[in-house]
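First up is the structure itself, then whatever we jot down about it.
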Amino acid sequence: MRLPKASDIARIVGGRLVGDGEFVPKGIAESDRAGAEELTVWDGRSPIAEEVGVVIGVDAPPSKYRALILVDDYRMALAKLLEHFAPPHPFRGVSPAAFVEEGAHVHPEAHIGPFAYVSRGAKVGRGAVIYPFAYVGPDAEIGEGTVLYPFAYVGWGVKVGKRCLIHPGAVIGAEGFGFVPTSEGWLRIPQVGRVVLGDGVRLGANSAVDRATFSETVVGEGSKIDNLVQIGHNVRVGEHTVIAALSGLAGGARIGSWVVFGGQVGVADHVEVGDRVMAAAGSGISGNIPPGKVVAGKIPARDRTKFNRSAALFYKLPEIYSKLLRIARSLERDEP
Amino acid sequence: MRLPKASDIARIVGGRLVGDGEFVPKGIAESDRAGAEELTVWDGRSPIAEEVGVVIGVDAPPSKYRALILVDDYRMALAKLLEHFAPPHPFRGVSPAAFVEEGAHVHPEAHIGPFAYVSRGAKVGRGAVIYPFAYVGPDAEIGEGTVLYPFAYVGWGVKVGKRCLIHPGAVIGAEGFGFVPTSEGWLRIPQVGRVVLGDGVRLGANSAVDRATFSETVVGEGSKIDNLVQIGHNVRVGEHTVIAALSGLAGGARIGSWVVFGGQVGVADHVEVGDRVMAAAGSGISGNIPPGKVVAGKIPARDRTKFNRSAALFYKLPEIYSKLLRIARSLERDEP
Amino acid sequence: MRLPKASDIARIVGGRLVGDGEFVPKGIAESDRAGAEELTVWDGRSPIAEEVGVVIGVDAPPSKYRALILVDDYRMALAKLLEHFAPPHPFRGVSPAAFVEEGAHVHPEAHIGPFAYVSRGAKVGRGAVIYPFAYVGPDAEIGEGTVLYPFAYVGWGVKVGKRCLIHPGAVIGAEGFGFVPTSEGWLRIPQVGRVVLGDGVRLGANSAVDRATFSETVVGEGSKIDNLVQIGHNVRVGEHTVIAALSGLAGGARIGSWVVFGGQVGVADHVEVGDRVMAAAGSGISGNIPPGKVVAGKIPARDRTKFNRSAALFYKLPEIYSKLLRIARSLERDEP
Numbered sequence: 002m003r004l005p006k007a008s009d010i011a012r013i014v015g016g017r018l019v020g021d022g023e024f025v026p027k028g029i030a031e032s033d034r035a036g037a038e039e040l041t042v043w044d045g046r047s048p049i050a051e052e053v054g055v056v057i058g059v060d061a062p063p064s065k066y067r068a069l070i071l072v073d074d075y076r077m078a079l080a081k082l083l084e085h086f087a088p089p090h091p092f093r094g095v096s097p098a099a100f101v102e103e104g105a106h107v108h109p110e111a112h113i114g115p116f117a118y119v120s121r122g123a124k125v126g127r128g129a130v131i132y133p134f135a136y137v138g139p140d141a142e143i144g145e146g147t148v149l150y151p152f153a154y155v156g157w158g159v160k161v162g163k164r165c166l167i168h169p170g171a172v173i174g175a176e177g178f179g180f181v182p183t184s185e186g187w188l189r190i191p192q193v194g195r196v197v198l199g200d201g202v203r204l205g206a207n208s209a210v211d212r213a214t215f216s217e218t219v220v221g222e223g224s225k226i227d228n229l230v231q232i233g234h235n236v237r238v239g240e241h242t243v244i245a246a247l248s249g250l251a252g253g254a255r256i257g258s259w260v261v262f263g264g265q266v267g268v269a270d271h272v273e274v275g276d277r278v279m280a281a282a283g284s285g286i287s288g289n290i291p292p293g294k295v296v297a298g299k300i301p302a303r304d305r306t307k308f309n310r311s312a313a314l315f316y317k318l319p320e321i322y323s324k325l326l327r328i329a330r331s332l333e334r335d336e337p
Numbered sequence: 002m003r004l005p006k007a008s009d010i011a012r013i014v015g016g017r018l019v020g021d022g023e024f025v026p027k028g029i030a031e032s033d034r035a036g037a038e039e040l041t042v043w044d045g046r047s048p049i050a051e052e053v054g055v056v057i058g059v060d061a062p063p064s065k066y067r068a069l070i071l072v073d074d075y076r077m078a079l080a081k082l083l084e085h086f087a088p089p090h091p092f093r094g095v096s097p098a099a100f101v102e103e104g105a106h107v108h109p110e111a112h113i114g115p116f117a118y119v120s121r122g123a124k125v126g127r128g129a130v131i132y133p134f135a136y137v138g139p140d141a142e143i144g145e146g147t148v149l150y151p152f153a154y155v156g157w158g159v160k161v162g163k164r165c166l167i168h169p170g171a172v173i174g175a176e177g178f179g180f181v182p183t184s185e186g187w188l189r190i191p192q193v194g195r196v197v198l199g200d201g202v203r204l205g206a207n208s209a210v211d212r213a214t215f216s217e218t219v220v221g222e223g224s225k226i227d228n229l230v231q232i233g234h235n236v237r238v239g240e241h242t243v244i245a246a247l248s249g250l251a252g253g254a255r256i257g258s259w260v261v262f263g264g265q266v267g268v269a270d271h272v273e274v275g276d277r278v279m280a281a282a283g284s285g286i287s288g289n290i291p292p293g294k295v296v297a298g299k300i301p302a303r304d305r306t307k308f309n310r311s312a313a314l315f316y317k318l319p320e321i322y323s324k325l326l327r328i329a330r331s332l333e334r335d336e337p
Numbered sequence: 002m003r004l005p006k007a008s009d010i011a012r013i014v015g016g017r018l019v020g021d022g023e024f025v026p027k028g029i030a031e032s033d034r035a036g037a038e039e040l041t042v043w044d045g046r047s048p049i050a051e052e053v054g055v056v057i058g059v060d061a062p063p064s065k066y067r068a069l070i071l072v073d074d075y076r077m078a079l080a081k082l083l084e085h086f087a088p089p090h091p092f093r094g095v096s097p098a099a100f101v102e103e104g105a106h107v108h109p110e111a112h113i114g115p116f117a118y119v120s121r122g123a124k125v126g127r128g129a130v131i132y133p134f135a136y137v138g139p140d141a142e143i144g145e146g147t148v149l150y151p152f153a154y155v156g157w158g159v160k161v162g163k164r165c166l167i168h169p170g171a172v173i174g175a176e177g178f179g180f181v182p183t184s185e186g187w188l189r190i191p192q193v194g195r196v197v198l199g200d201g202v203r204l205g206a207n208s209a210v211d212r213a214t215f216s217e218t219v220v221g222e223g224s225k226i227d228n229l230v231q232i233g234h235n236v237r238v239g240e241h242t243v244i245a246a247l248s249g250l251a252g253g254a255r256i257g258s259w260v261v262f263g264g265q266v267g268v269a270d271h272v273e274v275g276d277r278v279m280a281a282a283g284s285g286i287s288g289n290i291p292p293g294k295v296v297a298g299k300i301p302a303r304d305r306t307k308f309n310r311s312a313a314l315f316y317k318l319p320e321i322y323s324k325l326l327r328i329a330r331s332l333e334r335d336e337p
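Protein chains in written order, with my numbering: chain A, 2 to 337; chain B, 2 to 337; chain C, 2 to 337.
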């Protein structure tokens, strides 16, 4: 990644330049590790090296610097800067080594790499990018500007919105996990519903969103799903909800909008989680959570403050127990 | 999904029709959301909308309806109905764009899609369906009627039974996780055993079943494994066992038949779990569990009733602790 | 797997033969299940069948045997023996059905299977093996002797060391999970850093290692990562560290060398875990852990002995609580 001179960087991030606009930083580094030749983005609080080349921040740092770029929001500035350096997708147009079935509808401005597969009846929108080894099933729909990375699976009839990022190995529209017990074994309930991802959804590597039994599994606009997350059949996730890695939502769970889950959270089937709920990593949610609550804990999840208080006392259990036994013994001694 | 008229639906599910057999429902919906034009499957207890087009159920609902289809088992009826609407696989025969190595044995009635790969010595049975981007390794065996979805990996020598469903990204027969510590690092123990999946096994998206060090890793007939499940080397899973998403079975664990695990369950290496054990989501099983037990909890899993009692008191720890301190102080005051 | 006669096995594993060197065992089995025709590797302690064909061990077993092969380290002997029987990779050279972009640098002694994809600017080292359906992104580097199994994803600019094993479905260099909240939704922070895997790294099936925001995500030399593990952006894992299945390391976590994690461990973002730390399966690590500590528990992880003591008392909470109430009542009765 070759950076331009400080004055150009200021223009890219929309910041105000102080100092040497001609200085060209050699790379980007975290604030406490950046050197005199490097650029860093400083949050205004974290430790920062004594001498840094260029600092992007909301305020002047205690460090020496060659150039300072003052911005209102340092994370937004970082996003703009990195956007500038993200490499383009490595192919354009439809590769002759792609396999597009007859009856597929591919927009003339879509990009399909070698060894990509698009089934009949599928629609691929303008500017969409289908990487090698991505699979688009029959009658699936890939919205404008959406990117399917390698090994992305989009099953039959699945609808992926516009500007979605579907990371490698993400599986959208595999069969939900539904069976009827019989005396000879579990009878599969075929899953013939579909999956709908809203615009701007991000699905992480090796995640899975199951198709509904009938009707739809939904992930709302702007929601961001991390790697290795399981979203069961008939789940509904609202808008702008963030779910970190290795979390699992069982069949029929309903998650609100602007919800934030840490990693390894589990939600039981048919549970409702309200808007703006936050769940700490490892939470096990077995009952409904009203909007705005902050929860934690696996036994099961409760109000986070309450959980933390009990968790602290959990490690005092030996002390509690021995104190209790001492009291019990002393009272027995006092008995006549 | 276009539905036929009510009398045809009654025939498909094997139910008794009451009401208007000519009525054609416009879609399927959950009982509390179904409209006057839709069909629903009612369990006899759940809330149901005031007016529904067609009801399939064990009993007459409190709703208005145009047609009622009485059945003995509403889930079985649902399975039959949906089976009727599941779309066929999107290709037939062996695609010229598939790569079948010389020395592979493909049944003339098997189906192999474009960009599928079958190694030499592999056997693909009658009616098996190998999707684009599925990989069948050397000497692997794919039973009659089994479906390998895209990105399914079947390693060398692995045996997959008949009528199995291997969902996208499932990995069968990657190397088990076995190493010998040496002063220079971990020496890999090559894993040269195999994996055997019985007939009717279902393996979820992005799950993994490791090959045995030597001998076999086994998943028994009819067992149903959800997405993102890890099954370590030399594990043996019995028949008709159900394991929900994000669960992990460490090397050498032995799981009985008709066992049911919720999501995110962990089982330690070489532990034995008896037949018909049920483990709640999030259970951490670190010791053997006798047949028929119901367990829960991560610290570690114990009898579920016992766990629930302790979990309730966990959240009373602050009250317990302050009560204890109060008693201790009052006793100290009483001391001379 | 066809085994040679006992004297040849003794030579392969570097052991001392006692008994019938001409005897040819029919297979390998675990010590308690091995039969009179089979070979077993015995650890010197575990139960062993009464009559075994060939025993490899550090000592003479209580069993009858046809041949005994005495070795210093039975696990090392097992590794050598199995190494001997691991089948070769099923293709050699560069397949005409592979897709190697112009401007890729493939060593003449590298092996690339049909339906493998190598982007421009990528380097594939001597003796590297790229299986069908593996994806090597632009400017990525695959070291000498490294194996990419099917559905391995190596993103642009990622560097994979020498002699690494990248198992099926492993994703290296997908975008890290970084967003800025805005009133309209989460603004993605493009991730333009890279991933560096040291020599001898093992990455399990369907695992994911995210690229850094800028700079690098690193997994050090000789580290062994199991299946379905998530390693977030900017994480640094030291050398010879072992992480079992379904564990997740959040962004910026720093894990030392010779660390051992059980399955389903979670580490919070930016936490530092010292060298040689051991964490039991299911541990939730939310704060720094000094070198050499052994931890356990999800609420959060603490010293293992301490955790186990509290966990035992957790299941005594009902007893503790009723004892406490009894004392409280008896004291109240005593009050005037």
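Idealized CB from N, CA, C, for every residue including glycine.
Contact of Tyr-322 of chain A with chain C by beta-carbon distance below 8 Å involves Leu-314, Lys-317 and Ile-321. Secondary structure at His-85 of chain B: helix, using DSSP grouped into helix, strand and coil. Not a single CB atom of chain B sits nearer than 9 Å to the CB of Gly-144 of chain C. Contact of Leu-325 of chain B with chain A is assigned, a C-beta pair being separated by under 9 Å.
A distance of 9 Å or more separates the beta carbons of Tyr-132 of chain B and Val-155 of chain B. Tyr-150 of chain B sits away from Pro-151 of chain C, with the two beta carbons spaced by 9 Å or more. Neighbours of Tyr-75 of chain B in chain C, taken as residues at a C-beta separation under 8 Å, are lacking, since the least C-beta distance is about 35 Å. With a contact defined as Cβ atoms closer than 8 Å, Gly-114 of chain C and Val-172 of chain B miss out at about 17 Å.
Take Trp-43 of chain A, set aside five residues on each side of it, and the residues of its chain with a beta-carbon closer than 6 Å to its own are Ser-32, Ile-49, Val-56, Gly-58 and Pro-62, in chain order. Chain A places no beta carbon closer than 9 Å to that of Asn-289 of chain B, leaving this residue out of the contacts. Beta-bridge annotation (DSSP): Gln-231 of chain B is paired with B:Ala-209 and B:Gly-249. Secondary structure note for Arg-305 of chain A: its alpha helix (DSSP H) is the uninterrupted segment 305-315. Annotation: the continuous alpha helix (DSSP H) that includes Leu-326 of chain B extends over 318-335. Nearest C-alpha to Phe-308 of chain A among C:Glu-217, C:Asn-309 and C:Ile-300: C:Ile-300.
Per DSSP, the unbroken alpha helix (DSSP H) holding Ile-13 of chain C starts and ends at 7-14.
Residue nearest to Ala-297 of chain A within the set A:Ala-280, A:Ala-141, A:Ser-287 and A:Ala-313 is A:Ala-280 (criterion: CA-CA distance). By alpha-carbon distance to Leu-82 of chain B, the top candidate from B:Lys-317, B:Val-101 and B:Arg-3 is B:Arg-3.
As the crow flies, the alpha-carbon of Gly-45 of chain C is around 19 Å from that of Thr-214 of chain B. The beta-carbon of Asp-21 of chain C is placed no less than 9 Å from the nearest beta-carbon of chain B. In the structure shown, Tyr-150 of chain C adopts coil according to DSSP, grouped into three states. Chain order gives no chain B residues near Phe-262 of chain A, where near means a beta carbon separation below 9 Å; the closest approach is about 13 Å. Residue-level contact by beta carbon holds for Gly-205 of chain C and chain B, with a gap shorter than 9 Å. CA-CA distance, Gln-231 of chain C to Val-193 of chain A, rounds to 31 Å.
Scanning chain B for C-beta atoms nearer than 7 Å to the C-beta of His-241 of chain C yields Gly-186 and Trp-187, reported in chain order.
Residue nearest to Asn-289 of chain A within the set A:Gly-275, A:Ala-282 and A:Asp-140 is A:Gly-275 (criterion: CA-CA distance). Neighbours of Asp-140 of chain C in chain B, taken as residues whose beta carbon is under 9 Å from its own, are absent, since the nearest beta carbon is some 24 Å off. A residue is called buried once 16 or more other Cβ atoms fall within 10 Å of its Cβ, and Glu-176 of chain A is buried on that count. Taking 9 Å as the cut-off, the beta carbon of Pro-91 of chain C is found closer than this to the beta carbon of Gly-138 of chain B. Trp-259 of chain A and Glu-222 of chain A have their C-alpha atoms spaced approximately 11 Å apart. For the pair Ala-35 of chain A and Ile-29 of chain A, the CB atoms are nearer than the 9 Å cut-off. Considering only beta carbons, the part of the region 230-254 of chain C lying closer than 8 Å to chain B consists of Glu-240, His-241, Val-243, Ala-245, Ala-246 and Leu-247, in chain order.
Counting of Cβ neighbours within 10 angstroms places His-271 of chain B among the exposed residues, the total staying below 16. Judged by their CB atoms, Leu-332 of chain C and Ile-328 of chain B are nearer to each other than the 9 Å cut-off.
By the rule that beta-carbons nearer than 9 Å mark a contact, Tyr-118 of chain C touches chain A. Here Thr-306 of chain B is exposed. Its C-beta has fewer than 16 other C-beta atoms within 10 Å.
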